[in-house]
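Note that the protein sequences, when read in sequence, are chains A, B, C, D, E, F, G and H.
FYI, in the UniProt record's numbering the residues of the first sequence are 1 to 249.
FYI, in the UniProt record's numbering the residues of the second sequence are 1 to 249.
FYI, in the UniProt record's numbering the residues of the third sequence are 1 to 249.
FYI, in the UniProt record's numbering the residues of the fourth sequence are 1 to 249.
FYI, in the UniProt record's numbering the residues of the fifth sequence are 1 to 249.
FYI, in the UniProt record's numbering the residues of the sixth sequence are 1 to 249.
FYI, in the UniProt record's numbering the residues of the seventh sequence are 1 to 249.
FYI, in the UniProt record's numbering the residues of the eighth sequence are 1 to 249.
8 protein chains.
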Amino acid sequence: MDPREIRGLLEQVKQGRLTVDQGLDRLKHLPYEDMGFVKIDHHRHLRKGFAEVVYCAGKTVEQVQKIMEALAKTSSNIMGTRATQEMYQAVLEVIPDAEYHSLARLITVRRGEQTTVGNILVACAGTSDLPVAEEAALTAEMMGGKVDRLYDAGVAGIHRLLMNRDKLDAAKVVIVVAGMEGALASVVGGLVDKPVIAVPTSVGYGASFNGLAALLAMLNTCSSGVTVVNIDNGFGAGYAAALINRIGE
Amino acid sequence: MDPREIRGLLEQVKQGRLTVDQGLDRLKHLPYEDMGFVKIDHHRHLRKGFAEVVYCAGKTVEQVQKIMEALAKTSSNIMGTRATQEMYQAVLEVIPDAEYHSLARLITVRRGEQTTVGNILVACAGTSDLPVAEEAALTAEMMGGKVDRLYDAGVAGIHRLLMNRDKLDAAKVVIVVAGMEGALASVVGGLVDKPVIAVPTSVGYGASFNGLAALLAMLNTCSSGVTVVNIDNGFGAGYAAALINRIGE
Amino acid sequence: MDPREIRGLLEQVKQGRLTVDQGLDRLKHLPYEDMGFVKIDHHRHLRKGFAEVVYCAGKTVEQVQKIMEALAKTSSNIMGTRATQEMYQAVLEVIPDAEYHSLARLITVRRGEQTTVGNILVACAGTSDLPVAEEAALTAEMMGGKVDRLYDAGVAGIHRLLMNRDKLDAAKVVIVVAGMEGALASVVGGLVDKPVIAVPTSVGYGASFNGLAALLAMLNTCSSGVTVVNIDNGFGAGYAAALINRIGE
Amino acid sequence: MDPREIRGLLEQVKQGRLTVDQGLDRLKHLPYEDMGFVKIDHHRHLRKGFAEVVYCAGKTVEQVQKIMEALAKTSSNIMGTRATQEMYQAVLEVIPDAEYHSLARLITVRRGEQTTVGNILVACAGTSDLPVAEEAALTAEMMGGKVDRLYDAGVAGIHRLLMNRDKLDAAKVVIVVAGMEGALASVVGGLVDKPVIAVPTSVGYGASFNGLAALLAMLNTCSSGVTVVNIDNGFGAGYAAALINRIGE
Amino acid sequence: MDPREIRGLLEQVKQGRLTVDQGLDRLKHLPYEDMGFVKIDHHRHLRKGFAEVVYCAGKTVEQVQKIMEALAKTSSNIMGTRATQEMYQAVLEVIPDAEYHSLARLITVRRGEQTTVGNILVACAGTSDLPVAEEAALTAEMMGGKVDRLYDAGVAGIHRLLMNRDKLDAAKVVIVVAGMEGALASVVGGLVDKPVIAVPTSVGYGASFNGLAALLAMLNTCSSGVTVVNIDNGFGAGYAAALINRIGE
Amino acid sequence: MDPREIRGLLEQVKQGRLTVDQGLDRLKHLPYEDMGFVKIDHHRHLRKGFAEVVYCAGKTVEQVQKIMEALAKTSSNIMGTRATQEMYQAVLEVIPDAEYHSLARLITVRRGEQTTVGNILVACAGTSDLPVAEEAALTAEMMGGKVDRLYDAGVAGIHRLLMNRDKLDAAKVVIVVAGMEGALASVVGGLVDKPVIAVPTSVGYGASFNGLAALLAMLNTCSSGVTVVNIDNGFGAGYAAALINRIGE
Amino acid sequence: MDPREIRGLLEQVKQGRLTVDQGLDRLKHLPYEDMGFVKIDHHRHLRKGFAEVVYCAGKTVEQVQKIMEALAKTSSNIMGTRATQEMYQAVLEVIPDAEYHSLARLITVRRGEQTTVGNILVACAGTSDLPVAEEAALTAEMMGGKVDRLYDAGVAGIHRLLMNRDKLDAAKVVIVVAGMEGALASVVGGLVDKPVIAVPTSVGYGASFNGLAALLAMLNTCSSGVTVVNIDNGFGAGYAAALINRIGE
Amino acid sequence: MDPREIRGLLEQVKQGRLTVDQGLDRLKHLPYEDMGFVKIDHHRHLRKGFAEVVYCAGKTVEQVQKIMEALAKTSSNIMGTRATQEMYQAVLEVIPDAEYHSLARLITVRRGEQTTVGNILVACAGTSDLPVAEEAALTAEMMGGKVDRLYDAGVAGIHRLLMNRDKLDAAKVVIVVAGMEGALASVVGGLVDKPVIAVPTSVGYGASFNGLAALLAMLNTCSSGVTVVNIDNGFGAGYAAALINRIGE
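Right, here's the structure in full:
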């Protein structure tokens with residue numbers, strides 16, 4: 001609660017420039033305005049290049065179309081995650097400059113010139129992890145981050161990772177995407193001295209139990225500095241990495 | 001692999017200032033020195049105020065004593081996690097300036113003047129979460145972070161959290177420690193626009209399944225920007241937060 | 001077992017108005033009539049506005065059609081849960097005044113004038129939780145409860161909930177429907193001093209394990225007064241809330 | 001936010017009876033006072049006979065002693081759950097009228113005359129479930145509920161339950177405590193038309209998995225009107241039942 | 001190993017009626033002939049009215065057709081479990097007297113006159129459990145058991161069960177089929193003093209976890225004399241019941 | 001409900017030998033007497049050599065002492081399962097002829113001459129399974145069954161089992177007790193054509209998860225005729241086997 | 001790092017036959033060449049008859065086509081696992097001599113003459129396990145192993161296994177493929193004194209939990225010498241067996 | 001079944017050197033002698049340096065003492081796993097040359113000169129994994145294998161592993177022991193072209209779930225040639241490795 005705002009209001013009431021009813025009206029909404037962090041965050045987001053995000057899964061095509069249309073009126077950057085091609089077609093009708101990233105299942109709308117900052121490295125273990133890795137990378141880019149990619153660097157051929165230590169060294173924050181046993185997070189975590197965000201994927205079969213094996217492995221990593229997001233949650237990793245990446249910029 | 005170092009070595013061999021055998025000797029170890037990230041990291045750590053860490057659980061008292069004694073000779077800051085009082089007594093014999101933090105089960109040795117930077121907020125839900133919260137806070141401090149604490153702010157009385165929004169606003173990165181249903185991470189994640197590291201604790205009973213409930217809740221948070229570490233892993237959260245916290249300092 | 005009924009019967013036998021065989025016949029069925037709580041409950045339900053309920057999942061279209069047709073002859077209010085559009089079409093052939101609520105997957109038949117009592121608030125976290133929330137709300141209405149709705153009030157934007165404290169205050173019992181980490185139940189439970197029935201939904205992915213995360217979170221809530229029903233069990237929550245809601249009416 | 005209160009304040013500022021600074025001061029704290037539900041709830045609780053509750057598990061003996069001593073100064077009814085005999089002895093030093101219920105592991109302080117209302121039936125399946133059942137019963141009593149007990153009425157000898165249908169009929173809300181397969185909740189739920197709160201206990205062995213079997217069974221009950229709390233959570237059931245029980249009193 | 005057979009052989013060798021080589025040859029295969037229990041069991045089965053069983057799931061239509069055709073040449077009773085309509089059509093081409101039971105997903109071939117003995121009661125909780133109950137009942141019948149059925153007798157309306165105590169009393173062995181919380185097994189187990197075989201079904205949703213809840217409940221039953229088979233394993237229950245049922249016949 | 005009893009009562013009322021009040025009194029309790037299966041079962045049990053059973057785990061020493069003392073007055077055979085040595089000492093004070101079986105943790109009281117019938121084979125896989133195997137064997141004996149034992153016959157040395165086929169052949173029902181992977185149940189089930197009751201034990205470590213591995217294995221047996229009881233539930237297996245064993249005797 | 005190579009290089013620099021820049025260039029890549037185990041392994045594989053393997057699941061048809069086309073240019077033996085018929089058609093367009101094994105879902109390309117060595121026995125429990133067994137067998141063959149098959153030898157009819165002890169005796173390493181309770185691995189492990197690789201399959205239903213039951217059983221085997229691979233991982237078993245099989249050849 | 005032995009016996013019967021009864025007697029036991037693979041294996045084991053093994057966990061001190069005493073009379077090498085110090089003292093009384101390895105919890109008796117063959121590398125991730133690693137190493141040595149150790153080579157500092165590639169290269173089979181996330185197995189599996197046996201340990205906390213995380217990770221390894229044993233099963237890994245190691249020796 002900003003004291004100056006309230007003081008000003010009280011001064012106006014005292015001076016009769018606001019009636020008691022007008023003052024009441026504004027104060028009634030004040031706590032929510034005061035607490036209205038969403039709007040404030042929203043503004044800050046826009047200023048800093050952060051986009052509005054719609055989680056499309058579990059929504060109808062029409063719902064997605066309407067929500068994105070509404071957002072497109074006030075936001076310069078919009079993003080829809082877990083969107084289908086059909087949803088995209090519907091959105092395209094109302095937002096002609098919407099783009100679709102089929103691998104990452106993202107709808108994005110980017111307006112105005114984009115400057116990306118920092119350096120987020122997205123590393124992934126295998127080709128099958130690409131959809132999640134791309135969701136993370138594109139999210140981070142939409143959130144204003146400069147993103148570098150290091151794909152297909154699984155631990156079964158660890159030289160592929162070691163040969164790219166310069167990419168690891170250059171990053172400000174690293175996202176590691178891996179399914180199966182998820183060991184890449186530990187290996188990367190042991191090689192760098194910067195925050196690592198690990199994303200387990202549901203890639204695997206049998207006792208991977210849809211990503212549980214990778215999730216548990218990443219949570220139990222013996223490497224320091226590694227934190228974990230939900231299985232297949234590329235968006236969550238990209239968003240968190242973007243928050244870290246913009247620090248100091 | 002630093003080309004300048006190798007070039008210098010080759011020049012010396014060419015000029016005869018190093019014999020082939022001497023060059024061979026140094027090159028033989030070079031890949032490991034080159035890849036010797038631990039040592040390099042170690043130096044960087046010392047420079048940046050990061051301490052050497054010993055995970056004491058599953059080690060004998062003597063092992064802990066010997067390892068910490070050895071580290072104390074070369075490192076200015078040392079830390080032993082999950083240490084017992086008995087381990088501390090043994091360490092105290094060989095490192096008279098070692099300190100013990102019984103709540104956090106940490107042995108610390110801090111030498112030279114300490115300057116802490118940034119602002120890490122450690123919030124926890126209830127009194128029973130304190131050991132984990134303190135492990136996180138002290139770890140972050142040992143790693144050079146300035147730490148603020150906001151304890152006993154569980155969602156059952158959400159005003160305790162809302163009354164302290166200034167602490168949330170002031171932080172560069174927030175650690176949320178919570179057991180039971182772990183909802184605090186989501187609520188904090190919804191209130192701030194900075195990285196949140198969530199630590200599920202094993203506080204709870206019955207269907208908490210030793211922290212599984214809180215862990216799953218935190219992984220499934222609907223708030224963006226939240227990442228998760230292992231159950232009761234205060235050290236991991238403190239370390240990751242310290243990595244983030246020093247960015248831009 | 002109603003002593004007066006039996007005494008009357010015995011008197012009739014004693015006075016010869018009933019033969020021993022007639023008395024035997026009636027007594028033979030008495031325990032079941034006595035225990036015939038379903039019929040008695042049924043009558044009480046009808047009196048109190050409670051409907052007969054058919055769980056349609058796992059039944060054939062014909063079975064649903066026949067059961068509902070039979071019920072429609074004796075009951076004024078009927079409800080079919082987890083019903084498909086196809087089931088509804090079949091029911092419509094035999095009960096022309098049947099209605100279908102596609103979101104909640106409910107078939108309802110309401111006859112006679114409806115008076116709803118009390119005040120049941122159904123709050124839900126996100127748009128994807130709507131089917132379960134609507135199943136709860138419609139069930140509670142069919143059971144004679146006055147229902148208020150507070151949708152899309154997830155903890156990621158907690159001001160949406162706090163702005164509606166009047167709805168929380170006005171309720172006699174609150175149903176909280178949430179997927180993902182299910183934190184809304186704890187936050188609501190901390191804000192009110194009335195019974196809260198929490199419904200975990202299967203909304204989420206990865207480590208939500210089809211609603212397990214929300215279920216465990218709700219069972220481990222640190223807020224008092226919260227009880228839990230099965231994952232996606234909107235009907236169960238609506239029914240239990242209606243039982244509570246009619247107390248004192 | 002109560003508009004009348006704010007209007008009054010604004011009038012006072014307008015009329016000069018409050019300076020702008022005084023108004024600012026009061027408004028600054030208003031949101032929290034307004035949102036200060038804990039205190040308000042607290043008062044309401046005291047008025048209605050509800051006690052302050054301390055969860056003792058995971059707290060030191062000294063912490064429990066200090067917290068209860070502080071509460072005893074302002075509250076007439078206090079309760080400590082999961083308390084040990086040792087905690088009780090410490091509390092007894094500072095609160096001479098504290099009582100200990102060893103079976104239920106509760107410390108209680110009851111002051112002033114107690115009037116209990118309504119009718120809460122606590123039914124349990126076997127002798128081993130008694131600690132949890134008693135925790136529920138005593139909690140409900142501390143919260144102002146009149147409690148009836150029906151113990152050792154497991155489904156292996158269902159006549160024990162059927163012989164006590166009068167107790168079921170007389171209750172306003174029923175708590176069912178059962179371990180092993182937890183079937184009692186379903187059977188009771190099928191016999192009554194009032195809210196049933198089921199408490200799974202960790203009684204059992206092998207594939208009971210510390211109460212998981214009973215928990216899952218209760219969540220999957222085919223009887224309507226049953227809601228569930230955490231394993232062994234007698235307190236939670238007693239509290240929720242007391243909330244329901246006081247409706248209409 | 002039958003000593004008389006071996007003695008005879010040795011006598012023949014001693015008397016020169018068998019050469020050493022012939023003796024060796026026969027002894028070489030003896031252990032397997034001796035251990036050739038399958039054939040022997042097979043004969044015993046046929047004598048006792050037991051059928052040959054083919055588990056069709058995971059087999060191709062052609063495999064099922066060929067196996068059943070082969071069996072039909074030597075066995076009078078054949079049964080295929082988990083068979084599809086398509087499999088049945090293929091079998092029908094080669095075994096014109098094959099029958100299909102679509103609810104139970106069984107193909108049966110019954111030849112010669114059937115006499116069924118004993119008394120196996122198959123009780124089930126709800127309509128959705130019928131496929132499993134019928135698989136159990138038909139299996140038991142194919143194995144020579146007389147089967148009685150008591151369907152839709154779930155514990156939510158326990159009078160339906162109590163009204164049929166004569167069926168329970170008349171049975172030699174009882175099969176209880178139930179999904180959801182599986183409480184029927186415990187209630188029946190408490191009412192009878194004969195073997196009860198419990199079959200959990202995958203009927204239910206949410207925290208039933210595809211029958212896990214019912215399975216755990218049945219394994220943890222507080223009633224004596226109850227044993228359990230795999231989820232949805234009507235065949236297994238019918239087979240085991242038939243083995244018990246024929247004792248003493 | 002026995003019609004003859006009621007007819008007699010009605011006749012007596014008709015003839016004035018019972019007043020209406022007397023008739024009422026008796027009929028009031030009739031349903032429970034009628035349903036009083038426990039007493040009736042109890043009598044039948046005594047007649048057939050079945051003992052009263054007390055589950056001692058979770059009971060205090062005094063409770064066990066009192067319950068067994070009371071039972072000893074009316075029952076000739078009593079059994080206490082999961083009893084400690086200390087419980088036995090207390091029981092011995094009041095029942096001097098009580099016996100203790102320390103391996104099986106059973107207290108037994110056997111009075112009058114014992115005739116055991118049938119043939120129950122208890123087979124177990126390894127030495128560590130003996131406590132559970134003995135609990136099963138002694139229970140079956142207390143219930144009037146003749147018991148044969150085949151111990152240490154695990155599948156790692158399958159000849160130990162095959163060498164004892166005569167024991168398998170002689171049995172009327174077989175109990176198989178096994179921990180670790182529980183494969184013995186399947187192998188025995190494949191060798192015999194009689195009911196097999198499988199008891200998983202918690203013997204094992206690591207991924208045995210306290211008997212879960214053996215339990216799942218036994219539930220998934222490919223051998224027909226195998227049913228399963230709870231982990232370590234020797235009593236349950238012995239009881240069910242005794243029920244089967246007495247058929248036809 | 002081969003000292004001779006580096007010494008040679010240094011000599012050349014010393015002698016001026018390599019400039020410092022040339023030396024630097026070669027040394028820069030040396031660690032990776034030195035560590036270039038994949039290429040080296042690759043060569044060794046080709047020499048020893050080992051094929052290149054593409055895991056096709058989760059890849060697009062085009063990706064599979066392109067990868068296999070590229071491999072076919074440098075490798076004489078190629079294999080694609082978990083390949084669909086559609087993938088095979090695409091591969092066939094670019095590699096006319098590619099073969100498809102529909103049961104095992106393998107695409108193979110074998111060039112040059114094949115000599116297989118050793119003796120790998122692949123045993124499986126039932127017909128439904130064939131796809132996994134064939135994947136194992138064909139993999140082992142592609143890797144240069146001579147493979148013998150012993151199919152449909154489940155423990156429910158253990159004589160089928162015992163009758164084939166000669167196959168077990170002849171093998172150098174045995175692969176056991178089994179679903180349901182997975183007991184075959186323990187029985188085989190008890191019969192042989194050679195390495196046994198157990199492959200749990202997802203064959204089964206209910207509490208098999210998609211192969212978990214068999215997996216746990218195999219991990220808990222009481223037979224020595226048994227190791228386990230992931231559920232349905234025929235490839236992994238075949239590969240590991242081939243590594244063992246070639247020892248000593 | 002050894003034809004020569006039987007032929008000899010038949011010859012003796014034919015020639016009257018054995019009576020028919022004597023022949024019968026010997027043949028009666030022959031199938032078991034024939035099938036007496038344990039004894040035969042035993043001989044082969046002794047010849048090849050393999051020891052007899054007693055699993056001591058779950059056995060009494062006396063049982064262990066007696067079994068080992070009996071074995072010591074006929075076997076030159078004996079081993080007791082999971083043995084306590086107390087067991088060792090008891091064994092020492094009867095076998096004065098018994099040795100105890102406290103870290104590995106093994107009692108060993110080695111007689112005659114030992115020649116070890118092959119090359120088994122036991123690698124482990126951290127100090128806490130040592131007990132399991134030593135159990136594996138000592139088992140392999142007792143089974144006649146030459147063992148090399150590479151301890152404390154976890155992936156958090158992967159250079160420690162890479163610096164020891166010569167050890168990896170020299171091994172015939174590698175055992176990898178690791179807790180926490182178990183990533184070491186995958187990294188080693190990617191570096192070598194020989195069989196790798198992975199042993200997950202219960203080292204870790206929280207979501208390691210007593211080794212489940214490492215177990216699942218190892219089962220889901222993306223590296224070929226890795227097989228897995230039970231959690232903490234150092235013995236199983238050592239035994240399997242020894243079987244592989246002796247191939248070709």
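Glycine residues also receive a C-beta, built at the ideal position from the N, C-alpha and C atoms.
N-terminal and C-terminal residue of the beta strand (DSSP E) that residue i is part of
| i | result |
| --- | --- |
| residue 195 (chain A) | It is not in any beta strand (DSSP E) - residue 195 (chain A) carries neither H nor E in the DSSP assignment. |
| residue 81 (chain B) | 77 to 81 |
Local conformation of residue i per DSSP, three classes
| i | result |
| --- | --- |
| residue 205 (chain F) | coil |
| residue 244 (chain A) | helix |
| residue 172 (chain H) | coil |
| residue 110 (chain G) | strand |
Opening and closing residue of the alpha helix (DSSP H) in which residue i lies
| i | result |
| --- | --- |
| residue 52 (chain B) | It is not in any alpha helix (DSSP H) - residue 52 (chain B) instead sits in the beta strand (DSSP E) that spans 52 to 55. |
C-beta atoms of residue i and residue j nearer than 9 Å
| i | j | result |
| --- | --- | --- |
| residue 120 (chain G) | residue 174 (chain G) | yes |
Neighbour flag for residue i against chain A, beta carbons, 9 Å
| i | result |
| --- | --- |
| residue 202 (chain H) | no |
Contact with chain F by residue i, beta-carbon distance below 9 Å
| i | result |
| --- | --- |
| residue 14 (chain C) | yes |
Hey, is the stretch 161 to 168 of chain F in contact with the stretch 185 to 198 of chain F, meaning 3+ C-beta pairs nearer than 8 Å? Three or more beta-carbon pairs separated by less than 8 Å link the stretch 161 to 168 of chain F to the stretch 185 to 198 of chain F, which places the two stretches in contact.
Should the stretch 219 to 226 of chain D be called in touch with the stretch 87 to 99 of chain F, which here means at least 3 C-beta pairs below 8 Å? They do not touch, by the three-pair rule.
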